[in-house]
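Take a look at the structure set out below.
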Amino acid sequence: MSAVAPARPAPRPSPLFAYAPALTGLATVVAFFVLMEVLIRVGVISRFIVPPPSEIIGSFYRVITEEHVFRRFLLTLGECLTAGVMITVFGVAGGVLMHRYKLLQQACETWVAAFAAAPVVLAYPLFMVIFGRSAWTIIMIGFVAALPPVILKTLEGLSGTRKVLVNVGKSFNLSGSQQFWKIMFPAALPTIFVGIRLGLIFALINIVGVEFLINYGGLGQLINDLAERYDLAGTYAAICFVILVSVVFFMALEKVERWLRPVD
Amino acid sequence: MLSPSAPKAGGDILVADDIYVRFDTAEGPVTAVDHMSFNVRQGEFLSVIGPSGCGKSTLFNVIGGLLTSHDGTVKVGGETIAGPHKSIGMVFQEESTFPWRNVTDNVAFPLELTGMPKAKRIERARRFIQLVGLAGFENRFPGELSGGMRQRVSLARTLASEPKILLMDEPFAALDEQTRLLLGDKVLQIQQQLKQTTLLITHNITEAVQMSDRILVMTYRPGKLKRIVEIDLPRPRTSEIVGSEAFGRYVAEIWNDLREEASRGMRDEEAHALHEHAS
Numbered sequence: 000m001s002a003v004a005p006a007r008p009a010p011r012p013s014p015l016f017a018y019a020p021a022l023t024g025l026a027t028v029v030a031f032f033v034l035m036e037v038l039i040r041v042g043v044i045s046r047f048i049v050p051p052p053s054e055i056i057g058s059f060y061r062v063i064t065e066e067h068v069f070r071r072f073l074l075t076l077g078e079c080l081t082a083g084v085m086i087t088v089f090g091v092a093g094g095v096l097m098h099r100y101k102l103l104q105q106a107c108e109t110w111v112a113a114f115a116a117a118p119v120v121l122a123y124p125l126f127m128v129i130f131g132r133s134a135w136t137i138i139m140i141g142f143v144a145a146l147p148p149v150i151l152k153t154l155e156g157l158s159g160t161r162k163v164l165v166n167v168g169k170s171f172n173l174s175g176s177q178q179f180w181k182i183m184f185p186a187a188l189p190t191i192f193v194g195i196r197l198g199l200i201f202a203l204i205n206i207v208g209v210e211f212l213i214n215y216g217g218l219g220q221l222i223n224d225l226a227e228r229y230d231l232a233g234t235y236a237a238i239c240f241v242i243l244v245s246v247v248f249f250m251a252l253e254k255v256e257r258w259l260r261p262v263d
Numbered sequence: 000m001l002s003p004s005a006p007k008a009g010g011d012i013l014v015a016d017d018i019y020v021r022f023d024t025a026e027g028p029v030t031a032v033d034h035m036s037f038n039v040r041q042g043e044f045l046s047v048i049g050p051s052g053c054g055k056s057t058l059f060n061v062i063g064g065l066l067t068s069h070d071g072t073v074k075v076g077g078e079t080i081a082g083p084h085k086s087i088g089m090v091f092q093e094e095s096t097f098p099w100r101n102v103t104d105n106v107a108f109p110l111e112l113t114g115m116p117k118a119k120r121i122e123r124a125r126r127f128i129q130l131v132g133l134a135g136f137e138n139r140f141p142g143e144l145s146g147g148m149r150q151r152v153s154l155a156r157t158l159a160s161e162p163k164i165l166l167m168d169e170p171f172a173a174l175d176e177q178t179r180l181l182l183g184d185k186v187l188q189i190q191q192q193l194k195q196t197t198l199l200i201t202h203n204i205t206e207a208v209q210m211s212d213r214i215l216v217m218t219y220r221p222g223k224l225k226r227i228v229e230i231d232l233p234r235p236r237t238s239e240i241v242g243s244e245a246f247g248r249y250v251a252e253i254w255n256d257l258r259e260e261a262s263r264g265m266r267d268e269e270a271h272a273l274h275e276h277a278s
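Chains A and B, in that order, give the protein sequences.
By the count of numbering that gives the first Met the number 0, the first sequence reaches residue 263 at its end, each step adding exactly one.
By the count of numbering that gives the first Met the number 0, the second sequence reaches residue 278 at its end, each step adding exactly one.
Written out as structure tokens, the structure reads:
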């Protein structure tokens with residue numbers, strides 16, 4: 000019979016190991032920039048199409064100070080939040096109505112789903128006719144483009160409420176409105192929030208896009224301005240800023256979602 | 000030892016009279032419950048046992064008032080029920096805690112519906128949490144608990160509404176055998192402590208014999224009452240009783256009744272599967 004070796008505690012993983020995925024991700028981005036820098040400097044990619052990353056990074060300070068990027072950021076954020084409030088109110092209400100009235104659901108669900116894939120931004124001239132060259136054109140396009148995922152996810156969340164939870168409500172003799180507010184709506188909330196998150200991302204993309212197209216407002220207009228001036232490094236720096244804002248926005252929404260959904 | 004039971008005068012809290020349920024399916028009408036009549040006495044633990052697909056859960060829904068399209072009547076304290084009744088508290092087979100509420104808020108749910116002040120309902124909820132052995136987990140969310148603990152939360156929530164009859168549909172079906180036996184102990188202890196009238200729907204013979212005063216044996220489709228078995232085992236009981244000779248005799252005798260029904264159910268399922276495959 001062989002002797003059993005005494006159990007030894009597993010070695011503690013190094014702190015670096017815990018950050019490995021994040022560090023690898025960062026290294027990939029850095030490697031991409033280095034590769035682009037080399038390809039541009041040796042002339043494989045024309046610097047008149049894509050400026051070297053070092054120039055883009057160098058123009059960040061200029062874009063922030065001279066182009067009032069924070070004021071523009073707040074403008075875009077304000078438009079996004081307004082559209083966000085609107086999609087939450089009208090999107091959730093639309094989903095609830097479609098869940099409540101089956102005829103409405105059968106009549107509209109396919110249309111709403113199809114609308115989610117439609118390039119609403121192309122209809123910007125129509126919105127300009129209705130709302131003028133104003134922030135409302137931008138907000139309304141963001142709102143219309145972002146509405147379908149909120150409606151569809153609200154509908155999905157309410158329809159997906161587990162039957163046993165509904166039966167628990169019935170067993171406690173809940174009224175229709177109690178059943179909705181105390182069981183169905185909280186049960187559907189995580190799915191509804193996924194819809195709102197998707198909607199806000201759709202809204203942000205469309206809002207920046209329309210700002211660019213109609214040369215009005217915040218970050219989109221800044222990109223348009225810089226491109227018109229053929230300030231390539233500045234244009235790419237502004238694009239990087241929009242990407243950065245999107246990432247921060249996305250992460251903040253994830254945090255809020257996690258806070259709203261305690262533990263599954 | 001095993002004898003059909005007649006209702007005892009004055010002691011019936013629930014009377015089911017001539018319950019008949021038929022469903023229309025794609026393959027024609029199916030009789031789920033066929034003219035079943037029985038009574039539940041004040042303070043007793045009654046189990047309904049039968050093979051899978053015999054209509055036990057349909058019967059659970061009828062008694063709980065969730066299924067109203069049936070013939071026959073269910074009376075609680077002499078009052079005919081036409082829907083969910085405040086005297087009947089239901090514990091479901093599936094996990095039914097609210098994931099967005101912590102343990103205390105889950106258990107306090109029925110008290111919240113009565114408009115009880117928050118401090119009072121939390122205090123009362125904590126009493127029931129303690130009763131089911133979950134003290135220390137008051138602020139945990141269901142996602143942080145095991146399956147057995149979640150079922151105890153559901154049980155505490157139902158008990159908090161102080162029902163006259165506790166109606167349970169295979170509440171431990173999804174749990175492993177050891178947890179099931181230990182939770183059986185807990186339910187027995189609570190039932191004996193509160194003198195809670197309990198009606199348990201189950202397909203588990205051990206569970207039924209361990210806990211019940213009487214067991215109603217059902218036939219496979221259509222679900223009819225085959226016979227009523229009085230369980231004459233001493234109380235208070237715990238899961239230790241499963242090792243006794245008398246316990247084994249009850250299990251064997253009930254299995255004799257059920258084996259034929261379960262075999263019929265199995266043959267029926269096989270024939271159905273063959274038919275499905277052929278078409």
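Glycine is no exception: its CB is placed at the ideal position from the N, C-alpha and C atoms.
Below-9 angstroms beta-carbon distance, residue i vs any chain A residue
i, result
"W99 (chain B)", "yes"
"P170 (chain B)", "no"
"M0 (chain B)", "Here the model assigns M0 (chain B) a pLDDT of 37, short of 50, so the residue's position is not dependable, and the following value carries that caveat. Not an interface residue."
"F127 (chain B)", "no"
"P221 (chain B)", "no"
"G64 (chain B)", "yes"
"P116 (chain B)", "no"
"E94 (chain B)", "yes"
"I87 (chain B)", "yes"
"G10 (chain B)", "no"
"L112 (chain B)", "yes"
CB of residue i within 9 angstroms of CB of residue j, strictly
i, j, result
"L198 (chain B)", "S46 (chain B)", "yes"
"P50 (chain B)", "Y219 (chain B)", "yes"
"L157 (chain A)", "G94 (chain A)", "yes"
"V62 (chain A)", "F240 (chain A)", "yes"
"Q92 (chain B)", "P170 (chain B)", "yes"
"L215 (chain B)", "I48 (chain B)", "yes"
"N166 (chain A)", "S95 (chain B)", "yes"
"C79 (chain A)", "G141 (chain A)", "yes"
"K152 (chain A)", "L225 (chain A)", "no"
"T57 (chain B)", "A31 (chain B)", "yes"
"K185 (chain B)", "G242 (chain B)", "no"
"I195 (chain A)", "V119 (chain A)", "no"
"I87 (chain B)", "L158 (chain B)", "no"
Outcome for residue i when other beta-carbon atoms lying within 10 angstroms are tallied against a minimum of 16
i, result
"W110 (chain A)", "exposed"
"A5 (chain B)", "Unreliable positioning characterises A5 (chain B) in this predicted model, as indicated by a pLDDT of 39, which lies under 50. A coordinate reading is not provided."
"E287 (chain B)", "Any answer about residue 287 (chain B) is impossible in this case: the structure gives chain B only from 0 up to 278."
"Y18 (chain A)", "exposed"
"W180 (chain A)", "exposed"
"S1 (chain A)", "Since pLDDT at S1 (chain A) reaches only 47, below the 50 mark, its modelled position is unreliable, and the value read off the structure follows with that caveat. The residue is exposed, with fewer than 16 neighbouring Cβ atoms inside 10 Å."
"F22 (chain B)", "exposed"
"T67 (chain B)", "exposed"
"G9 (chain B)", "Residue confidence for G9 (chain B) is low, a pLDDT of 43 falling below 50, so the modelled location carries little weight and cannot support an answer."
"Y215 (chain A)", "buried"
"K194 (chain B)", "exposed"
"R327 (chain A)", "Nothing can be reported for residue 327 (chain A), as the shown portion of chain A is limited to 0 through 263."
"R266 (chain B)", "exposed"
Residue i at chain B interface by Cβ criterion, 9 angstroms
i, result
"K152 (chain A)", "no"
"D170 (chain A)", "The amino acid occupying residue 170 (chain A) in the given sequence is Ser; Asp does not appear at that position. Output row for S170 (chain A): interface = yes."
"N223 (chain A)", "no"
"V255 (chain A)", "no"
"V163 (chain A)", "yes"
"A113 (chain A)", "no"
"L157 (chain A)", "no"
"S1 (chain A)", "In this predicted model, S1 (chain A) has a pLDDT of only 47, less than 50, meaning its place in the structure is not dependable enough to derive any value."
"V167 (chain A)", "yes"
"P185 (chain A)", "yes"
Whole-Å CB distance - residue i paired with residue j, under 8 angstroms assumed
i, j, result
"R234 (chain B)", "Q192 (chain B)", "With a Cβ gap of about 12 angstroms, R234 (chain B) and Q192 (chain B) do not count as contacting."
"G222 (chain B)", "D16 (chain B)", "About 16 angstroms; that fails the 8 angstroms criterion."
"I213 (chain A)", "M127 (chain A)", "7 angstroms"
"P116 (chain B)", "R156 (chain B)", "Not confirmed; about 19 angstroms, so no contact."
"F97 (chain B)", "L164 (chain A)", "7 angstroms"
"V106 (chain B)", "A118 (chain B)", "That belief does not hold up - the Cβ atoms of V106 (chain B) and A118 (chain B) are roughly 15 angstroms apart, past 8 angstroms."
Closest Cα partner of residue i within the set the options
i, options, result
"L181 (chain B)", "B:P221, B:G132, B:S238 and B:T196", "B:S238"
"A144 (chain A)", "A:M127, A:R99, A:F201 and A:V167", "A:F201"
"G247 (chain B)", "B:A261, B:E206 and B:I200", "B:E206"
"V59 (chain B)", "B:L165, B:E260 and B:A159", "Here residue 59 (chain B) turns out to be Phe, not Val, going by the sequence shown. Cα-wise, what sits closest to F59 (chain B) is B:L165."
"R179 (chain B)", "B:E161, B:A159 and B:H202", "B:H202"
"C53 (chain B)", "B:D231, B:E244 and B:I200", "B:I200"
Closer than 8 angstroms: residue i CB and nearest the ligand COA heavy atom
i, result
"G233 (chain A)", "Looking at this structure, you won't find the ligand COA or any other ligand, since it has none at all."
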